[in-house]
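Numbering (our numbering), first residue to last: 210 to 477.
In structure tokens, the structure reads:
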């Protein structure tokens, strides 16, 4: 048994707590595999599955409540920041807003299982002025399902994972290199995916001053407001004469507009 593996066994609770907390704060750290390994170690008697579950619950609720409060104080601006921190595409804000509009606080129950949605659901709930007790209730339910299922997988698959865990135990310094490589590969994939998404949705930009000049010059301009309805209501700002559309409605709704008109899309 290597010193590194002995360190992991000695400080497993703390390492798991830190990994879950950091991931829920927005860092691109894959916490689920760590929870599965923790469950397997609990199945072998090294740890208590219930203690691991409670620590994962506390770490997640602490991070989520932090973002929830920021969402209450800063509104939608915090959502875009969190997407960038977690390396999710900016479209995750709109997708989460649409799901939250459809399902309300129940979104928090399954949010942990959907990449991107997990990241921005807490601040979105805060910006939607969800009450604190209701947020904690639904978020705790979702976290219990998420952490509990990952730990349970580790417990029930523990014997099948035993060979892999024994192999890891004898890697020594190689284990640290392997984990670091996997984390860096994960971050690299997230960066590539984000940049690919941004390239797909890149378009020409126009400043408010340029738009004003087009209108003053008598050009035919149609402004399309792509903000979610909830964001428009929260901001209290409506663009005069703008069409309010969801992205999925653009193709159908704009067919009847003159082909030579300028189209200006507004989003946050």
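Ideal placement from N, C-alpha and C gives every residue a C-beta, glycine not left out.
Worksheet item: Residues in its own chain within less than 8 Å of residue 278 by CB, not counting five upstream and five downstream?
Response: Counting from one through the chain shown, the residue named residue 278 turns up at place 69. Hits under 8 Å: 335.
Item to complete: Since I believe residue 287 is in contact with residue 237 (beta carbons under 8 Å), could you give me their beta-carbon distance rounded to a whole number of angstroms?
Response: Taking the first residue of the chain shown as position 1, residue 237 is located at position 28. Taking the first residue of the chain shown as position 1, residue 287 is located at position 78. That belief does not hold up - the Cβ atoms of residue 237 and residue 287 are roughly 18 Å apart, past 8 Å.
Practice prompt. Can you give me the Cβ contacts of residue 352 inside the same chain, cut-off strictly under 7 Å, excluding the 5 residues immediately before and after it?
Written response: As a position in the chain shown, residue 352 is number 143, starting the count at 1. Contacts found: 266, 269, 270 and 321.
Discussion item. I'd like the list of long-range same chain contacts for residue 318, defined as Cβ closer than 8 Å, with 5 residues on each side in sequence excluded.
Written reply: Taking the first residue of the chain shown as 1, we reach residue 318 at position 109. By the criterion of a C-beta distance shorter than 8 Å, residue 318 is surrounded in its chain by 347, 350, 351 and 354, once the five residues flanking it on both sides are discounted.
Item to complete: Compare the beta carbon distance of residue 470 and residue 360 with 8 Å and say whether it is the shorter of the two.
Response: Looking up residue 470 in the chain shown gives position 261. Looking up residue 360 in the chain shown gives position 151. The answer is no: Cβ separation not under 8 Å.
Worksheet item: What residues in its chain sit with their C-beta under 8 Å from that of residue 315, if we drop five residues either side in the sequence?
Response: Taking the chain shown and counting its residues from 1, the one referred to as residue 315 is at position 106. Excluding sequence neighbours, residue 315 sits near 347.
Worksheet item: From 362, 432 and 448, pick the residue whose C-alpha is nearest to that of residue 252; which is it?
Response: Here residue 252 corresponds to residue number 43 of the chain shown, with the count starting at 1. It is 362.
Worksheet item: Where do the N-terminal and C-terminal ends of the alpha helix (DSSP H) with residue 273 fall, by residue?
Response: In the chain shown, residue 273 corresponds to position 64, counting from 1. Taken as a continuous stretch (DSSP letters only), the alpha helix (DSSP H) holding residue 273 covers 258-283.
Fill in: Buried versus exposed, by CB contacts within 10 Å (16 or more), residue 233
The sequence position of residue 233 within the chain shown is 24, counting from 1. Burial call: buried.
Worksheet item: Between the Cα of residue 235 and the Cα atoms of 224, 308, 276 and 218, which residue gives the shortest distance?
Response: Taking the first residue of the chain shown as 1, we reach residue 235 at position 26. With distances taken between Cα atoms, residue 235 lies closest to 276.
Discussion item. If you reduce the DSSP assignment to three classes, tell me which class residue 430 lands in.
Written reply: Within the chain shown, residue 430 is the residue found at index 221, counting from 1. Note: residue 430 maps to strand in three-state DSSP.
Discussion item. At the level of alpha carbons, what is the spacing between residue 433 and residue 250?
Written reply: The sequence position of residue 433 within the chain shown is 224, counting from 1. The sequence position of residue 250 within the chain shown is 41, counting from 1. Distance between the alpha carbons of residue 433 and residue 250: 54 Å.
Worksheet item: Does DSSP classify residue 382 as helix, strand or coil?
Response: Within the chain shown, the letter at position 173 stands for residue 382. Confidence at residue 382 is low in this model, with a pLDDT of 49, below 50, so its placement is unreliable and the value that follows should be read with caution. It is helical.
Discussion item. Short of 7 Å in beta carbon distance, which residues of its chain neighbour residue 231, apart from the five on each side in sequence? Order them along the chain.
Written reply: Within the chain shown, numbered from 1, the residue matching residue 231 stands at position 22. Around residue 231: 238.
Worksheet item: Would you call residue 264 buried or exposed, if buried means 16 or more other Cβ atoms sit within 10 Å of its Cβ?
Response: On the chain shown, residue 264 is found 55 positions in, with the first residue counted as 1. Residue 264 is buried by the Cβ-count criterion.
Worksheet item: Which one or two residues does DSSP pair with residue 452 in a beta bridge?
Response: Translated into positions along the chain shown, residue 452 becomes position 243. Note: residue 452 sits in a beta bridge opposite 433.
Worksheet item: Closest to residue 255 by CA distance: which of 219, 281 and 311 is it?
Response: Position 46 of the chain shown, counted from the start, is the residue given in the question as residue 255. Cα-wise, what sits closest to residue 255 is 219.
Worksheet entry | Per DSSP, the bridge partner or partners of residue 222 | Translated into the one-based positions of the chain shown, residue 222 becomes position 13. DSSP output for residue 222 lists no bridge partner at all.
Worksheet entry | Proximal residues to residue 281 (C-beta, below 6 Å), its chain only, five neighbours per side dropped | Position 72 of the chain shown, counted from the first residue, corresponds to residue 281. Taken in chain order, the residues that qualify are 335.
Worksheet item: First and last residue of the beta strand (DSSP E) that includes residue 474?
Response: Mapped onto the chain shown, residue 474 falls at position 265. Per DSSP, residue 474 belongs to the beta strand (DSSP E) from 471-475.
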